[in-house]
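Below you'll find the structure, written out as structure tokens, and then a few comments.
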Amino acid sequence: MQTALRTPEKADYKAIVAWISDKKACSRWAGPSVPFPFAAANLPELLAVEGCSSYCLSDSDNRCVGFGQFWPGKQGAVHIGRIIVSPEVRGSGAGRLLCEKLIAKAREATGASTVTLRVYRDNPAARSLYSSLGFSVIESESTDDLLFISTTVNRSRKAGA
Ligand SMILES: CC(C)(COP(=O)(O)OP(=O)(O)OC[C@H]1O[C@@H](n2cnc3c(N)ncnc32)[C@H](O)[C@@H]1OP(=O)(O)O)[C@@H](O)C(=O)NCCC(=O)NCCS
């Protein structure tokens, strides 16, 4: 799949609204602060987190097929959130591409070597994806429902030193 990360536009938020089927899906994607239903026009404001950057994954027709954000995390890490892929294309590699590109962008933008995320324990698709991307669970920061996961890049190895 030919994809790129780009800044979301109005039409993209309209597309994203259609991916959220109910209150539970909304809360699991965006957290309890985002009400359901919501208007596409309000989504940028509803998803705002201090210092956050939002990105769409677009396909070869420039159609938005995924969305995610990053913002400053704990202890110099960068935190990724609100990861979602259009139900129409799930299972075809878009989630992996979105995460790989978003993580690279987050590291490049912030210089952080550690990337963190929160994922529901009962979300096997997302857990399997994050595990295959090298994230591991930090139980001390996790709750009964949500796992706190993290991955750290070895900068000296990355530079070939
Ligand atoms: C989680 C999500 C982003 C994955 O996107 P996707 O495009 O379906 O994922 P991909 O096709 O790139 O698959 C990547 C990996 O995810 C895992 N995965 C995807 N769908 C899966 C499923 N139904 N069951 C188990 N694992 C699954 C696999 O490890 C897969 O790797 P593989 O293809 O090598 O087996 C997508 O299901 C989604 O948007 N879910 C709703 C929102 C959500 O839960 N977001 C996560 C918030 S933390």
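Throughout the sequence shown, residue numbering follows the working numbering, covering 1 to 161 in sequence.
Ideal Cβ placement from N, Cα and C applies to all residues, glycine included.
Predicted model, so just to flag it, every value in this text is computed and none were measured.
Shortest gap from the CB of W29 to any heavy atom of ligand 1: under 6 angstroms. At least one heavy atom of ligand 1 falls within 6 angstroms of the beta-carbon of V119. Classified as buried, T116 has 16 or more neighbouring CB atoms from the shown chains inside 10 Å of its CB. Under the three-pair Cβ rule at 8 angstroms, the segment 77-84 counts as touching the segment 102-113. Of all alpha-carbon atoms in C64, V119, P72, K10, the one lying nearest the alpha-carbon of G31 is that of V119.
Between the alpha carbons of L46 and S33 lies a distance of about 8 angstroms.
Counting the other Cβ atoms within 10 Å of the Cβ of R121 gives fewer than 16, which makes it exposed.
Closest option to S60, judged by alpha-carbon separation, among A125, S150, Q2, V153: Q2.
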